[in-house]
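Right, one structure below, let's go through it.
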Amino acid sequence: MTRHGRPAPMFRDWTNTIATIVLGALLAYVAYSFVQWGVVHAIWRLPDGASSIMCRDVRGEGACWAVVVERARFMLVGGYPIDEQWRPYAVCLLFVALYAASLVRTLWTRWLLAFWIAVPVVAVVLLRGRWLGLTDVPSEFWGGLPLTFLLSTAGFTMALPFAVLLALGRRSTLPAIRALSVGYIEVVRGVPLITFLFMAAVMFPLFAPQGVNVDKLLRAQIAFIMVTAAYLAEVIRGGLQAVPRGQYEAAASLGLSFWSAMMLVVLPQAFRVSIPPLVNTFIALFKDTSLVIVIGLFDLLGAAKAVIVDPKWVGFGVEVYLFAAAVYFAFSYAVSRFSLRLERELQRAAGTA
Amino acid sequence: MGGRESSPFQAHVDMQAVNKWFGALHVLRDVTLKVRRGERIVICGPSGSGKSTLIRCINGLEVHHAGRIVVDGVELNDDARTIDQVRRGVGMVFQQFNLFPHLTVLENCTLAPIRVKKATRTAARDLALHHLTRVRISDQADKYPSQLSGGQQQRAAIARALCMNPKIMLFDEPTSALDPEMVKEVLNTMVSLADEGMTMLCVTHEMTFARQVANRVIFIDAGRILEDEAPEAFFDTPKHDRTRAFLSQILH
Numbered sequence: 001m002t003r004h005g006r007p008a009p010m011f012r013d014w015t016n017t018i019a020t021i022v023l024g025a026l027l028a029y030v031a032y033s034f035v036q037w038g039v040v041h042a043i044w045r046l047p048d049g050a051s052s053i054m055c056r057d058v059r060g061e062g063a064c065w066a067v068v069v070e071r072a073r074f075m076l077v078g079g080y081p082i083d084e085q086w087r088p089y090a091v092c093l094l095f096v097a098l099y100a101a102s103l104v105r106t107l108w109t110r111w112l113l114a115f116w117i118a119v120p121v122v123a124v125v126l127l128r129g130r131w132l133g134l135t136d137v138p139s140e141f142w143g144g145l146p147l148t149f150l151l152s153t154a155g156f157t158m159a160l161p162f163a164v165l166l167a168l169g170r171r172s173t174l175p176a177i178r179a180l181s182v183g184y185i186e187v188v189r190g191v192p193l194i195t196f197l198f199m200a201a202v203m204f205p206l207f208a209p210q211g212v213n214v215d216k217l218l219r220a221q222i223a224f225i226m227v228t229a230a231y232l233a234e235v236i237r238g239g240l241q242a243v244p245r246g247q248y249e250a251a252a253s254l255g256l257s258f259w260s261a262m263m264l265v266v267l268p269q270a271f272r273v274s275i276p277p278l279v280n281t282f283i284a285l286f287k288d289t290s291l292v293i294v295i296g297l298f299d300l301l302g303a304a305k306a307v308i309v310d311p312k313w314v315g316f317g318v319e320v321y322l323f324a325a326a327v328y329f330a331f332s333y334a335v336s337r338f339s340l341r342l343e344r345e346l347q348r349a350a351g352t353a
Numbered sequence: 354m355g356g357r358e359s360s361p362f363q364a365h366v367d368m369q370a371v372n373k374w375f376g377a378l379h380v381l382r383d384v385t386l387k388v389r390r391g392e393r394i395v396i397c398g399p400s401g402s403g404k405s406t407l408i409r410c411i412n413g414l415e416v417h418h419a420g421r422i423v424v425d426g427v428e429l430n431d432d433a434r435t436i437d438q439v440r441r442g443v444g445m446v447f448q449q450f451n452l453f454p455h456l457t458v459l460e461n462c463t464l465a466p467i468r469v470k471k472a473t474r475t476a477a478r479d480l481a482l483h484h485l486t487r488v489r490i491s492d493q494a495d496k497y498p499s500q501l502s503g504g505q506q507q508r509a510a511i512a513r514a515l516c517m518n519p520k521i522m523l524f525d526e527p528t529s530a531l532d533p534e535m536v537k538e539v540l541n542t543m544v545s546l547a548d549e550g551m552t553m554l555c556v557t558h559e560m561t562f563a564r565q566v567a568n569r570v571i572f573i574d575a576g577r578i579l580e581d582e583a584p585e586a587f588f589d590t591p592k593h594d595r596t597r598a599f600l601s602q603i604l605h
């Protein structure tokens, strides 16, 4: 923002000038070193039959992207049987298509909502395969990106109805319902997510009645739904507060029941103002799914960690983690850009009011 | 539910010794009011006198704490079904219009007939266009409320209420949020409703409207009904000092 006849802010006085030069030099040095390490001296793939010794020789000078190239499949789809690999890839495509469709405003209909429910179901059916007459692949073998997508998408969609109930409950005039909602929200928000995962993985089997054996992935999924519901409930409550009381009164005076008034008049308006924080919660959930590693499930990050335990690739954590970070970042960044665009659109729409 | 068959002698709205409190504030004090079928009542009073609360009690938007309210033969009680039944026969128009901003004018009008009365889409649409024509904004049917002027929004809100075929209409200061040049178009709509024999209770300070349309004018102060007179008597020979003071402020 340079104005005519005035220096840019970073050169306005001598302290700014020095700071600019020093930081600029530092930034240039870091960028230069990274390019030297990551591109110029990097090894992209090992020649046939070569061992990772080749990579070890350039340690510190060049990156060994060979580990990523060689193990990308494992990181993306985990320990899923190689012969059946098309299934996790198809699942990934399904989820990416779902997210992409969600970015298009004109596709925002009931159908999109139905797909948010249907895609996780189809993903589970396809990954498991048993119900389609394909090879049965139990959930212990699922991993990588499909697991990340599944946990976050199903977690978000299934948490929404509970969140709406909690948000309405928190505003209820009935003291018992209000206390229950407030209690749930505060307790769940006040306890680390990881605790819920441990409870789901370790404590549930101890307390479950004999013979009841719930799949570990399902238990983790339920933990995510419970925690996400509490966070979403607060987001939705904020949206509800933005809808004037007169809207509910007008709906009620037309004879609409409480639930009809909520579903048709109040909630659509509340969701509209809550979209940016809803997207924010989804991004947080998307990354938090990486915590399932503590209960022995191998999502994207879990699979990445498994790679560097392999003796062949011990010590190449930086490359592997950078790859995992890049994948998380690509999705989160896309979603956050979308959220910004949406905010601008909604502001424009509000401007006409 | 009995008592739905209503003779012309039975009150359409019957309030008996109604009391209401907001916390420690006593907003309605022994309000007794009988409104006959087809009667037009104008309710006025200083701000905070309880006039809005009074008509909001009639369709259960406010809960009364003592006394009886019988609307078209149905007594209001804590039962949500009773309240819904009463609301289906009572239309309400608000000061702030309260149109649904995420729906078009037409959708505002068809929502309740489709959802509450299970009307078909086409029937609801025809009915909505009929009432929108009646309030002279059928050409705005596919616009969103934010694209309309205040007067048009209020007329759309009236049409929306009429789409439920109410027997009683409540107006809560329908012209107070309007620019002066738009007041008349809304009042004209209300006059034409009155001409068709609708039972109307109207909280307003439009005294010309009261003279022209009302059968009775009610003056309420501090939660108590002080005057309940025909317009001529109300304006020419008010009984209370409070009424005289109020009228002198309103009528300049």
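Protein sequence lines correspond, in order, to chains A and B.
If you read the first sequence in my numbering, its first letter stands for residue 1, the second for the next number, and so on.
If you read the second sequence in my numbering, its first letter stands for residue 354, the second for the next number, and so on.
Cβ coordinates follow ideal geometry from the N, Cα and C atoms, glycine included.
Values in this document were obtained by computation on a predicted structure and should not be read as measured data.
Please return the same chain residues whose Cβ sits closer than 7 Å to the Cβ of residue i, not counting the five positions on each side in sequence.
i      : result
B:E549 : none
B:R421 : Q369, E428
A:I374 : Here chain A covers residues 1 to 353 and nothing more, so residue 374 of chain A does not appear.
A:G351 : Because the pLDDT of A:G351 is 48, which lies under 50, any placement of that residue in the model is unreliable, and the number read from its coordinates should be weighed accordingly. Once the five neighbours on either side are set aside, A:G351 has no close Cβ partner at all.
A:M158 : I225
B:E534 : none
A:Y184 : L166, A230
Residue i CB to nearest chain B CB: under 7 Å?
i      : result
A:A379 : Nothing about residue 379 of chain A can be reported from this structure: the residues present for chain A run from 1 to 353 only.
A:G239 : no
A:L342 : no
A:Q269 : yes
A:G254 : Checking the sequence shown, residue 254 of chain A turns out to be Leu, not Gly. So, interface residue.
A:V68  : no
A:V266 : no
A:A167 : no
A:S260 : yes
Can the beta-carbon of residue i be found closer than 7 Å to that of residue j?
i      : j      : result
A:V77  : A:E319 : no
B:L515 : B:H484 : yes
A:L126 : A:R87  : yes
B:A419 : B:N372 : yes
B:E596 : B:F572 : The displayed chain sequence assigns Thr, not Glu, to residue 596 of chain B. Contact: yes.
B:R409 : B:R577 : no
B:T552 : B:R390 : yes
A:S152 : A:F286 : yes
B:E526 : B:Q448 : yes
A:S253 : B:R440 : yes
A:V279 : A:V243 : no
A:D215 : A:S139 : yes
A:D288 : A:L193 : yes
Excluding the five sequence neighbours on either side, which residues of its own chain have a C-beta within less than 8 Å of the C-beta of residue i, listed in chain order?
i      : result
B:E358 : Confidence at B:E358 is low in this model, with a pLDDT of 48, below 50, so its placement is unreliable and no value can be given for it.
A:C55  : I43, L46, C64, A66, V67, F316
B:L501 : V458, I490, Q493, A509
B:A364 : K387, V388, R389, V423
B:L452 : V458, N461, P498, Q506, A509, A510, R513
A:A261 : Y248, A251, A252
Do we get a CB-CB distance below 7 Å when we pair residue i with the residues of chain A?
i      : result
B:V469 : yes
B:F375 : no
B:F447 : yes
B:R595 : no
B:H455 : yes
B:D581 : no
B:G356 : Since pLDDT at B:G356 reaches only 44, below the 50 mark, its modelled position is unreliable, and no value is offered.
B:L414 : yes
B:M517 : yes
B:N327 : Outside the shown range of chain B (354 to 605) lies residue 327 of chain B, about which nothing can therefore be said.
Report the CB separation of residue i from residue j in whole angstroms; it is logged as a contact under 8 Å.
i      : j      : result
B:H593 : B:L579 : 5 Å
A:R110 : A:V307 : Actually they are not in contact, since the Cβ atoms of A:R110 and A:V307 sit about 42 Å apart, beyond 8 Å.
A:G129 : A:V137 : 5 Å
Give me, in chain order, the residues of the same chain whose beta-carbon lies closer than 6 Å to that of residue i; leave out the 5 immediate sequence neighbours on both sides.
i      : result
B:A477 : T463, P466, I467
A:L342 : I275
B:R320 : Summary: the structure shown does not reach residue 320 of chain B, with chain B confined to residues 354 through 605, and so no result is reported for it.
A:A200 : R219, A220, A223
A:F196 : A223, V227
### Query
What are the uninterrupted segments assigned as beta strand (DSSP E) that are 3 or more residues long and contained completely in the region 517 to 564 of chain B, given in chain order?
521 to 525, 552 to 556
#### Entry: Ordered list of alpha helix (DSSP H) runs contained in the region 103 to 184 of chain A, each at least 4 residues
The qualifying runs are 110 to 128, 145 to 170.
### Task
Please list the segments of the alpha helix (DSSP H) lying wholly inside the region 24 to 95 of chain A, counting only runs of 4 or more residues, in order along the chain.
Restricted to the region 24 to 95 of chain A, the alpha helix (DSSP H) segments that are unbroken, complete and at least 4 residues in length are 53 to 57, 66 to 77, listed in chain order.
### alpha helix (DSSP H) runs contained entirely in the region 257 to 336 of chain A, provided each spans 4 or more residues
258 to 261, 267 to 288, 300 to 307
### Query
Counting only runs that start and end within the region 421 to 463 of chain B, where is the beta strand (DSSP E) found for 3 or more residues in a row?
443 to 446
### Query
Unbroken beta strand (DSSP E) runs of length 3 or more, entirely within the region 188 to 249 of chain A: which are they?
For secondary structure counted as the beta strand (DSSP E) over 3 or more consecutive residues, the region 188 to 249 of chain A holds no complete run.
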